[in-house]
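Since the structure comes first, as structure tokens, the remarks are kept for the end.
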Amino acid sequence: MDLTKDSHPVEQMTNDAKVVDQFKRTIYLAPLEKLLNLARGYSLWPLGFGLACCAIEGLMCVQDPRFDLARFGYEVLRTSPRQADVMVVAGTITKKMAPYVVRLYEQMSEPKWVIAVGSCAISGGPFVDSYSVVPGAEKLVPVDVFVPGCPPRPDAVIQAFMMLRDKIHGKVVLSSAR
Amino acid sequence: MPGKEMTVIIEEIREKFAGIDVDEKMTVTVPAADLLSLMRELKENPEYDFNFLTSLTAVDYPEHFTVVYNLISFRHGHTLMVKVKIEDKEEPAAPSLTPLWGGANWQEREVYDLFGITFTGHPNLRRILLDDDFAGYPLRKDFEWEGGRV
Amino acid sequence: MMQTQEITLNMGPQHPSTHGVFHILLKLDHEVIREATPICGYLHRGIEKLAEARTYTQIIPYTDRMDYLAAMLNNTGYCMTMEKLMEIEVPERAEFIRVICNELSRIASHLIAIGTYSVDIGGITGFMYCLRDRELVMDLFEEICGSRMTFSYMRIGGVAEDMPEGFLEKVLKFVDYMPSAIDEYDGLITGNEIFQARTKHVGIIPPEVALNYSLSGPILRGSGVDWDLRKKRPYSVYDRFDFEVPLGTRHDCFDRFTCRMKEMRQSLRIIRQAVEQMPEGPVMAKVPKVIKPPAGDVYLEIEGAKGMLGYYIVSDGSNKPYRVHVRRPSYINLGYLSELCKGWKIADVVAILGSLDIVLGEVDC
Amino acid sequence: MLNEWGAILIFLLIGLVFAAGGIITSFLIHPRRPTKIKEEIYECGPPTIGPTWVQFRVQYFLYALIFVIFDVETIYLYPWAVKFQTLGLFAFIEMIIFIFILVVGLWYAWKEGAFTWI
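Chains as they are written, first to last, in our numbering: chain W, 158 to 335; chain A, 369 to 518; chain E, 8 to 372; chain X, 75 to 192.
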């Protein structure tokens, strides 16, 4: 939510640019839901749902000292759906695991999102012809951000979190996918 | 004490067990009936001392199943491949090696799960990799399934 | 004492310390485990069935995704089996590059094993240290074949491309730095009393049971059995390097852990000697474009990061294999888990499972 | 005109409002969409097997009970320890007797096996 562009009541009061800018940066006037989304966007707690190779890249290496997800505040990796906001589906979803993917998604508390990491989670990936693989997390849970790659680099997963944050803040994500 | 040479071992086994035939790469093919006795002999006889069962798998040939065992003797460093041909493709069955090696337990369950070969004498023969209500045995050549690439 | 009831607990597919989607059904009498039934298969993707519909070179990417922590070792295992089937002579330089990549991959796999084991016992800093140094190995792999985890760098008959120049100096720089990092882990993890209290005398596997249950790799050596394929059955050019094989004395979780730590030091020695003896020459043998091996079957084992990694390939003369079976050490090492966990407490199951160092991509294949 | 007690009271109230406020606003704001599956127990994914409210061993409870007893004992020691110099010998002996009685209790609990864990 790019608040600095919206009109702000302080503009009628004074036309000193510095004061207006200072006011706009510190005081946000928006409906409550937008403000909450502003807070939620910056402090997502991922549910580490490590299934396969993407779990090593998308959950472990993202947290390690080089790619450090903690710089963005998303490093609190919860394993229980009760305390998680984002379900990071990292790896191949097999038919034996599918009911638990859905069950865990259902058990997450409400404002929840899903990031599908890796081509297996997007569309079955190299195992799409297999008899025991669900071709994509989309078939089970509504997915918000797809991260292509087999496995995607950790910085791609960090970009996924950035895009999810833009989506939560209500910025137009599709056109801004640079 | 260095064990006998592999060729000597093969000759001795050939005399002890009639139904054995050995091909040029020294893989022993034994009928299912005396598989257990051959394996016991290979394991417990101090000269052979094949005390390690590395791999146990199966192959679905057009006219028969073959269960393939690989043994290693840690002391002498020998390796031996033993095969069992199962002609009956409807209810394939083979004697289980769990009395001899605990390691065979899970590998036999995997072969049962993916091929449908029942191992008589196995303490807990259930599916291990697939769901219990999965229909069919995937690694058989006549297994049809429709993949996700719709 | 009052009669207490047993509770059945799911140490389920989604659990922080099961190293992936592994499920143990624990029957507990308050804290002590009466019965543990492991349930795997949540990541069974049917690679052996898919391999039957792929050509021989197309299978190489599938071998990466089985043990995704040590993908180079899987590639080498598959390619060496195929070379044995087709009697291809791999040039010397390719063998040396393979040894360097295998040992680097073994170090990366052990680093993850040690890091996650430290997290399982509760030490997050150990995890961060191990991953920091694993990134150095990742850089080397990216330099040589462009990918961080799923390399597909080996080909049947040799290696995809030659090393970029300046690569060996970087490897030497890594080999000089790494022993000091391993000493750092010793101080941080091995020397930690909580870690020792949680892992010493826990999950004891006597040698004859390890042999009976076909366990292999650091678990077998942790139980005191001196069996390392690189020493006992030297394949490729391993007979030209001298290195020791660490063995355990107490056969418990701590010994399996220290075996992995010492193995990393030995791998560094191997890499140093391999870099020094690196010959010149081609990196790829004369191999036809479409690989059609003669009909027949072959079985070959190499020393993988988790244990003896074997490939059994049956070919019927066409360009697609008739049957590919992988002897997966993580899967077979789990066979003894249910007896091993009996009588221990829940916290010890976490320590035992961490010491077995399983990778679910390899367990379920 | 506010003596010290008033200041402490205001400080306490602000603390309470601050703490309760956070909880109450989050209770008011958070979205409520209960579903059947969300109500079920989370146990690493699969549903629970068998009874979950079972009879547990009693030594958990004994352990906690004995801890509370000796925790309360230390509360009694604090005022004495603060005024240790001025109270003199008589209070010291009195405290020793008090501690001794509790040590007897500890010994009895130990003998009865309240501390055996398995």
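Note that CB positions come from ideal geometry on N, CA and C, so glycine has one too.
- Taking 9 Å as the CB threshold, P463(A) stays off the interface with chain E.
- If you draw a straight line from the Cα of D262(E) to the Cα of L227(E), it is about 10 Å long.
- Taking 9 Å as the threshold, the shortest C-beta distance from N219(E) to chain A falls below it.
- With respect to T70(E), H37(E) sits apart: the two C-beta atoms are not nearer than 9 Å.
- Looking at the DSSP output, L360(E) sits in no beta bridge, so it has no partner there.
- The three-state secondary structure of H117(E), taken from DSSP, is helix.
- Secondary structure of N81(E) (DSSP, three-state): helix.
- Proximity of I211(E) to chain X, defined by a Cβ-Cβ separation below 9 Å, is not satisfied.
- Contacts between T109(X) and chain W, judged by CB atoms closer than 8 Å, involve E263 in chain order.
- Taking one beta carbon from each stretch, the segment 92-110 of chain E and the segment 166-176 of chain E have 3 or more pairs nearer than 8 Å; the two touch.
- Counting along the chain, G368(E) sits inside the alpha helix (DSSP H) bounded by residues 367-371.
- For I211(E), no beta strand (DSSP E) run applies, since DSSP gives it neither H nor E.
- When DSSP states are grouped into helix, strand and coil, Y329(E) belongs to the strand group.
- Shortest Cα-Cα distance from S325(E) to any of Y63(E), P45(E), V244(E) involves Y63(E).
- Ranking N492(A), V376(A), A386(A) by CA distance to the CA of P467(A) puts N492(A) first.
- Short of 7 Å from the beta carbon of T83(E), and not among the five residues preceding or following it, lie these beta carbons of its own chain, in chain order: R105, N109, M161, I309.
- Burial state of P238(W) is buried, judged by a 10 Å Cβ sphere holding 16 or more other Cβ atoms.
- Look at the beta carbons and you see the segment 277-290 of chain E not touching the segment 206-225 of chain E: under three pairs across the two are nearer than 8 Å.
- Pairing A188(E) with R139(E), the inter-Cα distance amounts to about 10 Å.
- Segment contact: the segment 170-177 of chain E against the segment 141-152 of chain E, three or more CB-CB distances shorter than 8 Å; contact assigned.
- With three or more CB-CB distances shorter than 8 Å, the segment 195-208 of chain W counts as touching the segment 311-324 of chain W.
- Rounded to whole angstroms, G198(E) and P463(A) show a C-alpha spacing of 49 Å.
- Taking 3 residues as the minimum length, the beta strand (DSSP E) runs contained wholly in the segment 385-441 of chain A are 395-397, 420-428, 433-440, in order along the chain.
- For the segment 119-141 of chain X, the set of positions with a beta-carbon nearer than 9 Å to some beta-carbon of chain E reads G119, P120, P121, T122, I123, G124, P125, T126, V128, Q129, F130, R131, V132, Q133, Y134 in chain order.
- When the beta-carbon positions are compared, L367(E) and I359(E) stay at least 9 Å from each other.
- Closer than 7 Å at the C-beta level to chain E, one finds these residues of the segment 503-516 of chain A: P506, L507.
- Shown here for G504(A): same chain residues with a beta carbon closer than 7 Å to its own, the five before and five after excluded, namely F511 in chain order.
- Linking V244(E) to V435(A) through their CA atoms gives a straight-line distance of about 32 Å.
- When the alpha-carbon of C210(W) is set against those of C277(W), S289(W), L234(W), the nearest one is in C277(W).
- In this chain, L507(A) is not harboured by any alpha helix (DSSP H), its DSSP state being neither H nor E.
- The criterion of a C-beta distance shorter than 9 Å is not satisfied by V245(W) and G281(W).
- Of all C-beta pairs linking the segment 22-38 of chain E to the segment 296-309 of chain E, fewer than three are shorter than 8 Å, placing the two stretches out of contact.
- At least one CB of chain E lies nearer than 9 Å to the CB of E117(X).
- Taking a contact to require three or more Cβ pairs closer than 8 Å, the segment 245-260 of chain W and the segment 93-110 of chain X do not qualify as touching.
- Note on the segment 106-151 of chain X: whole alpha helix (DSSP H) runs with a minimum of 4 residues are 110-113, in chain order.
- In this structure the segment 48-68 of chain E does not touch the segment 130-147 of chain X; the number of beta carbon pairs closer than 8 Å is below three.
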